[in-house]
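There are 2 protein chains.
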Amino acid sequence: MPAEASRDKATKAAGAGTTRTSPASPLTERQEARRRRILHACAQLACRGGFDAVQMREVAESSQVALGTLYRYFPSKIHLLVATMQDQLEHLHATLRKKPPAGETAAERVAETLMRAFRALQREPQLADAMVRALTFADRSVSPEVDQVSRQTTKIILDAMELTHPTPDQLSAVRVIEHTWHSALITWLSGRASIAQVKVDIETVCRLMDLTAPTSSEHS
Amino acid sequence: MPAEASRDKATKAAGAGTTRTSPASPLTERQEARRRRILHACAQLACRGGFDAVQMREVAESSQVALGTLYRYFPSKIHLLVATMQDQLEHLHATLRKKPPAGETAAERVAETLMRAFRALQREPQLADAMVRALTFADRSVSPEVDQVSRQTTKIILDAMELTHPTPDQLSAVRVIEHTWHSALITWLSGRASIAQVKVDIETVCRLMDLTAPTSSEHS
DNA sequence: ATCAACTCTGAAACTTGTTCTAGATTAGCG
DNA sequence: CGCTAATCTAGAACAAGTTTCAGAGTTGAT
Chain A
40 MPAEASRDKA
50 TKAAGAGTTR
60 TSPASPLTER
70 QEARRRRILH
80 ACAQLACRGG
90 FDAVQMREVA
100 ESSQVALGTL
110 YRYFPSKIHL
120 LVATMQDQLE
130 HLHATLRKKP
140 PAGETAAERV
150 AETLMRAFRA
160 LQREPQLADA
170 MVRALTFADR
180 SVSPEVDQVS
190 RQTTKIILDA
200 MELTHPTPDQ
210 LSAVRVIEHT
220 WHSALITWLS
230 GRASIAQVKV
240 DIETVCRLMD
250 LTAPTSSEHS
Chain B
40 MPAEASRDKA
50 TKAAGAGTTR
60 TSPASPLTER
70 QEARRRRILH
80 ACAQLACRGG
90 FDAVQMREVA
100 ESSQVALGTL
110 YRYFPSKIHL
120 LVATMQDQLE
130 HLHATLRKKP
140 PAGETAAERV
150 AETLMRAFRA
160 LQREPQLADA
170 MVRALTFADR
180 SVSPEVDQVS
190 RQTTKIILDA
200 MELTHPTPDQ
210 LSAVRVIEHT
220 WHSALITWLS
230 GRASIAQVKV
240 DIETVCRLMD
250 LTAPTSSEHS
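Printed below as a string of structure tokens:
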């Protein structure tokens, strides 16, 4: 029988991809340790030169793992960076749960939450660059992982709105907010928009979002 | 004195970048022809395999230009694809001018315009993939060109709104619409959202946009 | 017509992501 | 304990973007 984890390709997909949402792959301790070492090395390298500085050979060396092994855990550089983003998002969500936003309206709380996330990203702009670039550059082969990031983001926003049973219209509004958040982040990272501009965009979309409930009623 | 165009780096930046908005670089006929051949070859290759199929060596061969020359005209694959996008956007804008959207409200006209653009992209999804991926992956070295694309998009939306003197709030709304448009496109291209979903997102953001005028009045 | 300055070409070289291979190591089962 | 299947390692090899270089081709000025 197999040693350490198993299932050929499955190890990659499950082990590296779904973090802990679906523990389809009970990694060994050593494997879990390797995985962490890799993610840590990746984040560290990203904090320096951003996307370009995350070089697979360097990551492998920094995490004391053979190149082939690195590729077994994360089938591509994009997968690796997206996994890093999942990791960071979990940290963020945990932090936010401890100190929830204090605004009066849902719009205020969402804006506050996103601005808090934005400030976190500003602290390590190069890391942000690497993660966001990977996220938007990801092709279909990374869809499951990217989708997971998206769901996590949705969860964070819904938490801020204090909505347990969102209507379809509210979900649409959340989608628009996410779109704006992502795209605004990109314009900032590529130096085409200032921090202030991103703030305005976030506040604008959150303000507008408030007005969704009364608009349509085609469903239930 | 120099032969054919000139100015070292300037040829790249001006020749390849600013298309015709600022004719800082009066390319020779032969150079203009080369440039077109390159863009055409790029689009053709992109229509097949998308981003990955646009290989610089192939582009060079297809357009009967040496690899070094290709890089003189477009300093990177990303620059090349973004220039291709500029090209396509101009076509689109010209087409739209001939048949302006017919909706009653500004929101309807913007939604109609974006959906028309979306349908155009659906006709060549691989090309869309290549261009959009390049656009979002572009780093700071491509900012001027990406910014140009952004301005062109803004112009198209403002045209649809029939706004000649937009207020700051309206410009903010347009920014949010653009963000949503871009990001929704990406989710569609990466297979994480359906065409219908993109339609809903566009309509949602356009509907919300209508409500900007009465909301704030901190400026002017 | 000649010259200087620049551009284009063809080909090799370099970089970094990705794949492949052969052998050493590890994990769990009988 | 010893087996067996799987993993891990080291390193070569391959692919595509990018750079470099020497030489040939253009162009406009003198």
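Residue numbers (my numbering), protein chains in the order written: chain A, 40 to 259; chain B, 40 to 259.
Yeah, the Cβ is synthetic: ideal placement off N, Cα and C, and Gly gets one too.
These numbers were taken from a predicted model, which means no experiment stands behind them.
Should alanine 85(B) go down as buried or exposed, given a rule of 16 or more other Cβ atoms within 10 Å for buried?
Start at 1 with the first residue of the second sequence, and residue 85(B) comes out as number 46. Classification for alanine 85(B): buried.
For arginine 158(A) and cysteine 245(B), the rounded distance between their alpha carbons:
Counting from 1 along the second sequence, the entry for residue 245(B) is found at position 206. Counting from 1 along the first sequence, the entry for residue 158(A) is found at position 119. For cysteine 245(B) and arginine 158(A), the distance between alpha carbons rounds to 29 Å.
Chain A partners of glycine 230(B), CB-CB under 7 Å?
Numbered from its first residue, the second sequence carries residue 230(B) at position 191. What glycine 230(B) touches in chain A: Arg179, Ser182.
Smallest Cα separation from alanine 199(B): which of Arg231(B), Thr144(B), Asp178(B)?
In the second sequence, counting from the first residue as 1, residue 199(B) sits at position 160. That would be Thr144(B), whose Cα lies nearest to the Cα of alanine 199(B).
My output table needs one value for glycine 107(B): the three-state DSSP class, helix, strand or coil.
For the purposes of this step, residue 107(B) is taken as residue 68 along the second sequence, with counting starting at 1. Here glycine 107(B) sits in helix by DSSP.
Sub-8 Å separation of valine 215(A) and threonine 243(B) beta-carbons
For the purposes of this step, residue 215(A) is taken as the residue at position 176 of the first sequence. For the purposes of this step, residue 243(B) is taken as the residue at position 204 of the second sequence. Cβ distance < 8 Å, so valine 215(A) and threonine 243(B) count as in contact.
Sorted by chain position, which residues of the same chain lie with C-beta nearer than 6 Å to alanine 173(B)'s C-beta, five sequence neighbours on each side aside?
Numbered from its first residue, the second sequence carries residue 173(B) at position 134. Ile117, Leu120, Val121.
Taking CB distances under 8 Å as the criterion, tell me whether isoleucine 196(B) reaches chain A.
Stepping through the second sequence from its first residue, residue 196(B) is reached at position 157. Judged by the 8 Å Cβ criterion, isoleucine 196(B) is not in contact with chain A.
On the DSSP letters alone, give me the boundaries of the alpha helix (DSSP H) that aspartate 186(A) sits inside.
Looking up residue 186(A) in the first sequence gives position 147. It spans 182-200 - the alpha helix (DSSP H) in which aspartate 186(A) sits, taken as one unbroken run.
Which one of Gln209(B), Thr203(B), Met248(B), Thr108(B) has the shortest CA to CA distance from glutamate 71(B)?
Within the second sequence, the letter at position 32 stands for residue 71(B). Of the listed residues, the one whose Cα sits closest to glutamate 71(B) is Thr108(B).
Complete runs of the alpha helix (DSSP H) confined to the stretch 64-96 of chain B [at least 4 residues]
Unbroken alpha helix (DSSP H) runs of no fewer than 4 residues, entirely contained in the stretch 64-96 of chain B, are found at 68-86, following chain order.
Looking at chain B, which residues of the stretch 150-180 of chain A have a Cβ within less than 7 Å of any of its Cβ atoms?
Within the stretch 150-180 of chain A, those residues whose Cβ lies closer than 7 Å to any Cβ of chain B are, in chain order, Arg172, Thr175, Phe176, Ala177, Asp178, Arg179.
So which residues of chain B does threonine 123(A) contact, with C-beta pairs closer than 8 Å?
One-based indexing of the first sequence puts residue 123(A) at position 84. Residues of chain B passing the Cβ test: none, with the nearest at roughly 17 Å.
Can you name, in chain order, every residue of its own chain whose Cβ lies under 6 Å from the Cβ of serine 101(B), other than the five neighbours on each side?
As a first step, residue 101(B) must be located in the second sequence, where it is residue number 62. Short of 6 Å from the beta carbon of serine 101(B), and not among the five residues preceding or following it, lie these beta carbons of its own chain, in chain order: Ala80.
Identify the contact partners of isoleucine 225(A) in chain B, using a Cβ-Cβ distance below 7 Å as the criterion.
Locating residue 225(A) in the first sequence gives position 186, counting from the first residue. Within chain B, the residues whose beta carbon sits less than 7 Å from that of isoleucine 225(A) are Thr175, listed in sequence order.
Interface residues of chain A facing histidine 221(B) [CB-CB closer than 7 Å]:
The residue labelled residue 221(B) in the question sits at position 182 within the second sequence. Result: Ser222.
C-alpha gap between serine 189(A) and leucine 202(B), whole angstroms
Indexing the first sequence from 1 puts residue 189(A) at position 150. Indexing the second sequence from 1 puts residue 202(B) at position 163. Their backbone Cα atoms lie some 34 Å apart in a straight line.
Which term fits histidine 204(A), buried or exposed, when burial requires 16 or more other beta carbons within 10 angstroms of its beta carbon?
Start at 1 with the first residue of the first sequence, and residue 204(A) comes out as number 165. With fewer than 16 Cβ atoms within 10 Å of its Cβ, histidine 204(A) is classed as exposed.
Taking C-alpha atoms, which residue in Gln103(B), Ala223(B), Met248(B) lies nearest to leucine 197(B)?
For the purposes of this step, residue 197(B) is taken as the residue at position 158 of the second sequence. Nearest of Gln103(B), Ala223(B), Met248(B) to leucine 197(B), Cα basis: Met248(B).
Examine the ligand FAD and report whether any of its heavy atoms sits within less than 7 Å of the Cβ of aspartate 126(B).
This structure lacks the ligand FAD; in fact it carries no ligand of any kind.
Give me the Cβ distance between glutamine 209(B) and glycine 88(B), rounded to the nearest whole Å; I'm assuming they're in contact under 8 Å.
Locating residue 209(B) in the second sequence gives position 170, where the first residue counts as 1. Locating residue 88(B) in the second sequence gives position 49, where the first residue counts as 1. Contact check for glutamine 209(B) and glycine 88(B): beta-carbon distance about 40 Å, past the 8 Å limit, so the pair fails to qualify.
What is the C-beta distance between serine 182(B) and glycine 142(A), in whole angstroms, given that I count them as a contact (C-beta under 8 Å)?
For this step, residue 182(B) is matched to residue 143 along the second sequence. For this step, residue 142(A) is matched to residue 103 along the first sequence. Not quite, the Cβ-Cβ distance comes to about 34 Å (not below 8 Å), so this is no contact.
Leaving out five residues on either side along the sequence, give the residues of the same chain with a beta carbon under 7 Å from the beta carbon of leucine 153(B).
If you number the second sequence from 1, residue 153(B) lands on position 114. Closer than 7 Å at the Cβ level, and outside the excluded window around leucine 153(B), lie Trp220, Ile241.
Please list, in chain order, the chain A residues whose beta carbon lies closer than 8 Å to that of valine 185(B).
Here residue 185(B) is taken as the residue at index 146 of the second sequence, counted from 1. For valine 185(B), the C-beta contacts it makes with chain A under 8 Å involve Ser229, Arg231, in order along the chain.
Which residues bound the alpha helix (DSSP H) around threonine 226(A)?
Indexing the first sequence from 1 puts residue 226(A) at position 187. Unbroken alpha helix (DSSP H) run through threonine 226(A): 207-228.
Return the chain-ordered list of same chain residues with a C-beta closer than 6 Å to the C-beta of alanine 232(A), the five sequence neighbours on each side being excluded.
The sequence position of residue 232(A) within the first sequence is 193, counting from 1. In chain order, Thr226 place their CB closer than 6 Å to the CB of alanine 232(A), counting only its own chain and leaving out the 5 sequence neighbours on each side.
DSSP-derived helix/strand/coil call for alanine 150(B)
Translated into the one-based positions of the second sequence, residue 150(B) becomes position 111. Secondary structure of alanine 150(B) (DSSP, three-state): helix.
Could you tell me which chain A residues have their CB closer than 8 Å to the CB of histidine 118(B), listed as they occur along the chain?
Taking the first residue of the second sequence as 1, we reach residue 118(B) at position 79. Within 8 Å Cβ-Cβ: nothing; histidine 118(B) doesn't reach chain A, min ~14 Å.
Does chain A have any CB closer than 8 Å to the CB of valine 237(B)?
Here residue 237(B) refers to the residue found at position 198 of the second sequence. No, valine 237(B) does not count as interfacial toward chain A.
Please identify the residue among Leu228(A), Gln236(A), Gln103(A), Arg162(A) whose C-alpha is closest to the C-alpha of arginine 69(A).
Here residue 69(A) refers to the residue found at position 30 of the first sequence. Ranking Leu228(A), Gln236(A), Gln103(A), Arg162(A) by CA distance to the CA of arginine 69(A) puts Gln103(A) first.
Check whether the Cβ of histidine 130(A) lies closer than 8 Å to any Cβ atom in chain B.
What you label residue 130(A) is simply residue 91 of the first sequence in a count that begins at 1. Proximity of histidine 130(A) to chain B, defined by a Cβ-Cβ separation below 8 Å, is not satisfied.
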